[in-house]
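Chemist: For what it's worth, the numbering used here labels the leading residue of the sequence shown as 728, then goes sequentially. Next up is a structure, given as C-alpha cells.
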Amino acid sequence: MRKYKVVVWCEVCGLNHEGCFGGGTETIGSSYETWEDAHKTAAEYCGDHPYSYRVEEDDEY
Ligand SMILES: [Zn+2]
C-alpha cells in the first residue's frame with residue numbers, strides 16, 4: 728500500500744539560507760494513507776503563509 732508525504736517550501740525566501748526552512752524544503756508529514764489526506768494537511772499547514780507544497784509518494788513504504 729502506498730503512503731504519501733508532504734514537502735513544503737517558501738516562495739518568498741526561495742534559496743535564502745536565513746529564510747524559512749533554511750532556504751530549502753521541509754517534509755511536514757509522512758505516511759498519509761491517501762493523497763487527499765496529505766493535501767488537506769498541507770493546505771492547512773500553509774494557511775496564510777507564502778508556501779507552496781507538493782505531495783509525493785513515500786518510497787519508504
Ligand atoms: Zn519565507
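Heads up, the beta-carbon is just placed ideally off N, CA and C, and yes, glycines get one too.
(1) Look up TYR731 in the DSSP assignment and give the residues it is bridged to.
(2) Is GLY746 close to ligand 1? I mean its beta-carbon at under 8 Å from any heavy atom of the ligand.
(3) Mapping DSSP to helix, strand and coil, what is CYS737?
(4) When DSSP labels each residue in this structure, what does GLU753 get in the three-state scheme?
(5) Can you round the beta-carbon distance between ASP786 and SER758 to whole angstroms, since I take them to be within the 8 Å contact cut?
Modeler: Quick look at the numbers:
(1) TYR759 and GLU784
(2) yes
(3) strand
(4) strand
(5) Rounded, the Cβ-Cβ distance is 12 Å, inconsistent with contact.
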